[in-house]
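Residue numbers (this note's numbering): 428 to 534. Encoded as C-alpha cells, the structure appears first; notes follow it.
Printed below as a string of C-alpha cells:
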C-alpha cells in the first residue's frame with residue numbers, strides 16, 4: 428500500500444471494520460457451544476475494539492489511542508493464557524468443551 432492510499436483512509440473505514448469484527452465476534456460467541464470457539468470470538472471482539480481505537484487515534488492525530496491499544500493487547504494476551512489453561516483443565520476433567528460442564532467444577 429503506497430502512502431497516498433494510506434492517507435485516503437478515513438475514520439469511517441476504521442469504524443466500519445471494527446464494528447464488523449465486533450459484531451461477528453458477538454454473534455459467534457452467542458451461537459457457539461464450544462469453549463475454544465467462544466474464546467476465539469471473544470478475541471475477535473477485542474480486535475474490533477482495537478481497530479476502532481487505532482482509527483480514533485489516527486483521526487485525532489495523537490498517540491493516546493495507540494498507546495491504549497498496547498494495554499488492551501497485553502490484557503488480551505494474559506486473558507488468552509488464563510482462558511486456555513482453564514479450557515485444558517476442563518477438558519482433562521470432563522472430556523468435553525461444552526460450557527455447561529463448568530457448573531460441575533464448583534468446589
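The C-beta atom is built at its ideal place from N, Cα and C for all residues, glycine as well.
To the nearest angstrom, how far is it from the Cα of residue i to the Cα of residue j?
i: residue 486; j: residue 437; result: 8 Å
i: residue 511; j: residue 467; result: 10 Å
i: residue 446; j: residue 530; result: 32 Å
i: residue 488; j: residue 456; result: 34 Å
i: residue 523; j: residue 490; result: 44 Å
i: residue 463; j: residue 492; result: 29 Å
i: residue 494; j: residue 526; result: 34 Å
i: residue 471; j: residue 461; result: 15 Å
What three-state label does DSSP hand residue i in the structure shown?
i: residue 488; result: coil
i: residue 494; result: helix
i: residue 479; result: helix
i: residue 501; result: helix
i: residue 523; result: coil
Which residue comes first and which comes last in the alpha helix (DSSP H) that contains residue i?
i: residue 457; result: 438-458
Restricting to Cα atoms, I'd like to know which of the options is closest to residue i.
i: residue 475; options: 442, 526 and 527; result: 442
Skipping 5 residues on each side, what residues in its chain have a beta carbon closer than 7 Å to that of residue i?
i: residue 478; result: 441, 444, 445 and 448
Closer than 8 Å by C-beta to residue i: which residues in its own chain qualify, once you throw out the five before and the five after it? Chain order, please.
i: residue 496; result: 477, 480, 481 and 484
Cutting at 6 Å between CB atoms, please list the residues of its own chain near residue i, excluding the five before and the five after it.
i: residue 465; result: 456 and 459
i: residue 521; result: 528
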